[in-house]
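So the sequence lines, in the order shown, correspond to chains Z and C.
Take the first sequence: its position 234, counted from the start at 1, is 234 in my numbering, and no numbers get skipped.
Convert by adding 333 to the 1-based position in the second sequence; the result is the number in my numbering.
Glycine included, each C-beta is placed from N, C-alpha and C at the ideal position.
This one's a predicted model, so the numbers in the text were calculated from it and none came from an experiment.
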Amino acid sequence: MNRTTWLAAAAIPLALLLSLGTGPGEIGLAEALATIGRRLAGDELDLRGAIVWDLRLPRALLAGLVGAALAAAGALCQGLFRNPMADPGVLGVSSGAALFAVVGLLLGFDRAGLWAIPVVAAIGAAAAMGLLLAAAGRQASLAVLLLAGVALGALCSALITVCQALASHQWDFGLKVIYWLMGSFEGRSWPHLSWAVPPCGLGLALALWLRRDLDALHLGSDAAASLGVDLARLRLLVVVAVGLLVGAATALTGVLAFVGLVAPHVARMSSGPGHRRLVPLAALVGASATILVDAVARSASGVVIPPGVITSLVGAPFFLWLLRRRGLRGLAG
Amino acid sequence: MPAHDPPPSSLAPGAPEPGENGSKCRARGRRLPAVLRGLPVLFALSACTGAPAPAPETGDAPAHRIVSQTILSDEVLWALGPAAQARVVGVSALADDPRYSGVAGVWPPATPRRALTSEGLLALAPDLAVIASFTSPEVRELLTSHGVRLLEFTRFTGFADYRSHVRQLAAAVEDPAAGERLIADLDGRLARLAARRPAIRLAAVSWGDGHAAAAGTSFDDVAEAAGLSNMAKEKGLEGHVPVALELMVSWDPPVIVTGCPAPEPDDPACRAAEAAVAALPGVRATAAARGGRIFAVPARALASTGEGMARAAEILQDRLRAEPP
């Protein structure tokens, strides 16, 4: 790991500390750390302890994991399509998760338990990924894969709108859908984190494994093939990795915009275009940025600002600034 | 409903014909695009449909064909009795939804259920439409332009507003005595609730989907009637406000009230709703969870702005009184 990667890695614990000391419960960092120490020593926790242990710590860790997943997925998509504008949403996986989550909310599955909507959304992500692979075909070109993903995303978005229109008189449903689509870590705790770890861990491992092939692809399809890269297999594995990362992240927290688009560009400013350094650095940047965004969202006492809104509010102007400064060619590295 | 004649100006003999402008353009050797050539026709058509709006009636004038577009008016018009019911030509699309409505399945099937669409409402030829605050300005404009009087309920802050709404609707159906009977019934129930208030006044937070009901909400009156205090109001909040789970937990409420999608409080769906709140991170450490005081109230009572408010207060008081001393 080079200096930049070390710095990015060090930013994560700093962001975690800031997050642990922030929140409407008015519990400072020292008390939060003492609480975690007591809990790890096996002590029973009071109300303030429960706020730190059951609410702040797991949601901060989940924010980090989700941010890393989305950023790594963004780096994979931009590498696969060799397009700096590609974000994890272009494959339609997050839209599939969102559609199933909305249908689940419409049918009242959320009343079955905390697990219900994440499970339904994960099924949606898997279904979208399966549909994409079936529609594009194993030997499809990147352009066909990209267009199939865009079309799938548009279809899912249209069906979400149909659900909202059909149930427009159910204001509680509308509220749930709006909050879910805005993305949030509100109420996420240890179970959510434990559900996120296996798919995100597998997806991140796949992303790290595919770095060398993506570097070869950066030279062009013909060059990559001449270097022994099986392009069809690479496409399939990238889609599976993105599906795991984005599907799990979206299923558990809703739609968090711009993390997957902007974090790889921030990382690329330091690492350059090579995926060997880009993918881990993007994941670290995404993790610390998302933890910080969630801390900012929770610091506004009295109102609930969904982190997904903040990622868009910060990410979109930042991306425009980056685009103006470096140009599209510069973004591509 | 009387048909509206097109305004004379659109058919006036002196009005320029659509072809005149086109001829001038052709004389200059240019052809207008089809869209532009069609504009005069579109203007003429819009003039035909855009009849001048007659001034809407005001006050509590009697109404003979009422279309109700709020659950509250669906409930009150039914409760006012057969004479009022006979004047209703349509009720809201939510009238039969047991999750929200206290008159689900009560209105005869022959009474149309109408969503807030202009054509659907106008087809009923109402002379009074009881509309909601979220009725679009386009629908309002269309209704008033066709002479339909609008009655809009905008304040739903508790029993005082309910009494006011009942009196307005009773006046509209020319049966104020029926309205006063409803109000007397409500006041009797509130008096019984007041007589049975628990000795210790606990603080309660009404919380669901990340929102709490604070000052100026119907829950504020419900809590007061049941013998509880509204914690969100005591924290200085107003209206239905987003309250983060961490903030709600940090208040350590002795009572948490939430809604459940069931018609009666003993329904298993209400127990499931209580368990769902108790399972949220951090909630198990609150006084409410430790004391077994997470109470689910049927949503149609808890979210009611009508008679259901008294029902919600009765349910809450029964739960409080059922506690072991």
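- Can you name the residues of chain C whose CB is closer than 7 Å to the CB of Z:S189? Per Cβ cutoff of 7 Å: P614.
- Task: Could you check if Z:F173 is buried or exposed, using at least 16 other CB atoms within 10 Å of its CB as the buried criterion?
- Result: With 16 or more other Cβ atoms inside 10 Å of its own Cβ, Z:F173 counts as buried.
- Task: State yes or no: is the beta carbon of Z:G25 nearer than 8 Å to at least one beta carbon in chain C?
- Result: Z:G25 counts as touching chain C.
- Item | Uninterrupted alpha helix (DSSP H) stretches inside the region 609-651 of chain C (no shorter than 4 residues) | Qualifying alpha helix (DSSP H) stretches, in chain order: 620-623, 632-635.
- Of all the options C:F486, C:V555, C:P586, C:H544, which has the alpha carbon lying nearest to the alpha carbon of C:V630? When each option's Cα is compared against that of C:V630, the closest is C:V555.
- Message: So, with DSSP's three-state summary, where would you put C:G541?
- Response: The three-state secondary structure of C:G541, taken from DSSP, is strand.
- Query: Is the beta carbon of Z:P118 less than 8 Å from the beta carbon of Z:L252?
  - Reply: Yes, the pair counts as a contact, with Cβ atoms nearer than the cut-off.
- Query: Would you call Z:L166 buried or exposed, if buried means 16 or more other Cβ atoms sit within 10 Å of its Cβ?
  - Reply: By the Cβ-count criterion, Z:L166 is exposed, with fewer than 16 other Cβ atoms from all chains shown falling within 10 Å of its own Cβ.
- Message: If distances are taken between C-alpha atoms only, which option among C:A643, C:E579, C:A545, C:L635 comes closest to C:G569?
- Response: Closest by alpha carbon: C:A545.
- Z:E186 touches chain C at which residues, Cβ-Cβ below 7 Å? Chain C residues near Z:E186: G543, A577, L578.
- Item | Neighbourhood of Z:P317 by C-beta, 8 Å cutoff - its chain only, sequence neighbours within 5 removed | Excluding positions up to five away in sequence, the list is empty.
- Task: Look at the Cβ atom of Z:A116, then the Cβ atom of Z:A282, and state whether they are nearer than 8 Å.
- Result: Not a contact, by the Cβ cut-off of 8 Å.
- Query: What is the DSSP secondary structure of C:E452, reduced to helix, strand or coil?
  - Reply: Judged by DSSP in its simplified three-state form, C:E452 adopts helix.
- Candidates C:A396, C:G414, C:A426, C:A412: closest to C:Q402 by CA position: Distance check between C:Q402 and each of C:A396, C:G414, C:A426, C:A412 places C:A426 closest, using alpha-carbon atoms only.
- Distance between beta carbons of Z:T35 and Z:S271, contact taken as under 8 Å: The Cβ separation is near 37 Å, so there is no contact.
- Message: Which residues does DSSP list as the beta-bridge partners of C:E485?
- Response: Looking at the DSSP output, C:E485 shares a beta bridge with C:I464.
- Message: In the DSSP assignment, the alpha helix (DSSP H) including C:T477 goes from what residue to what residue?
- Response: It spans 470-478 - the alpha helix (DSSP H) in which C:T477 sits, taken as one unbroken run.
- Continuous beta strand (DSSP E) assignments of at least 3 residues falling wholly in the region 535-599 of chain C: Qualifying beta strand (DSSP E) stretches, in chain order: 536-541, 544-546, 573-575, 588-593.
- How is the beta strand (DSSP E) around C:T399 delimited, first residue to last? The residue asked about is misnamed: residue 399 of chain C is Ile in this sequence, not Thr. The continuous beta strand (DSSP E) containing C:I399 extends over residues 399-401.
- Item | Identified DSSP bridge partners for C:R446 | C:V424.
- Query: Where does the unbroken alpha helix (DSSP H) through C:D429 begin, and where does it stop?
  - Reply: Counting along the chain, C:D429 falls outside any alpha helix (DSSP H), and DSSP gives it neither H nor E.
- Message: Which same chain residues end up closer than 8 Å to Z:L105 when comparing Cβ atoms and leaving out the 5 residues on each side of it in sequence?
- Response: If we look at Z:L105 and ignore the five residues flanking it on each side, its Cβ neighbours are I117, F173, K176, V177, W180.
- Task: Quick one: residues in its chain with C-beta nearer than 7 Å to the C-beta of C:L375, no 5 flanking neighbours on either side, listed in chain order?
- Result: Model confidence at C:L375 stands at a pLDDT of 46, short of 50, so the residue's coordinates are unreliable and nothing is read from them.
- What does a CB cutoff of less than 7 Å around C:I516 pick up in its chain, not counting 5 residues either side in sequence? The answer, listed in chain order, is R496, V499.
- Rounded distance between the beta-carbons of Z:P24 and C:E579, thought under 8 Å: That pair is a contact at about 5 Å.
- Query: Taking only beta-carbon atoms, is Z:I342 less than 8 Å away from chain C?
  - Reply: Nothing about residue 342 of chain Z can be read from this structure; chain Z reaches only from 1 to 333.
- Task: Return no unless some Cβ of chain Z is closer than 8 Å to the Cβ of C:S583.
- Result: Output row for C:S583: interface = yes.
- Task: Name, going along the chain, the residues of the region 33-45 of chain Z whose beta-carbon falls closer than 9 Å to a beta-carbon of chain C.
- Result: Against chain C - using a Cβ distance shorter than 9 Å - the residues of the region 33-45 of chain Z are L45.
- Exposure of C:R654, with buried meaning 16 or more beta-carbon neighbours within 10 Å: It is exposed - the Cβ of C:R654 has fewer than 16 other Cβ atoms within 10 Å.
- Query: How many Å lie between C:R432 and Z:L284 at the Cα?
  - Reply: Going from the Cα of C:R432 to the Cα of Z:L284 covers about 46 Å.
- Return the CA-CA distance between Z:L208 and C:E607, expressed in angstroms with no decimal places. Straight-line Cα distance between these residues: approximately 44 Å.
- Given 8 Å, three or more beta-carbon pairs between the region 47-54 of chain Z and the region 259-273 of chain Z: They do not touch, by the three-pair rule.
- Message: Rounded to the nearest angstrom, what separates Z:F81 and Z:A148 at their Cα positions?
- Response: Answer to the nearest angstrom: the Cα atoms are 13 Å apart.
- Distance CB(C:L461)-CB(C:R482) smaller than 8 Å: A contact, by the Cβ cut-off of 8 Å.
- Beta-carbon separation (whole angstroms), Z:G67 vs Z:T290, contact threshold 8 Å: So it is a contact: roughly 3 Å between Cβ atoms.
- With distances taken Cα to Cα, identify the nearest neighbour of C:V424 among C:E513, C:C603, C:A416, C:V436. The shortest Cα separation from C:V424 among C:E513, C:C603, C:A416, C:V436 belongs to C:V436.
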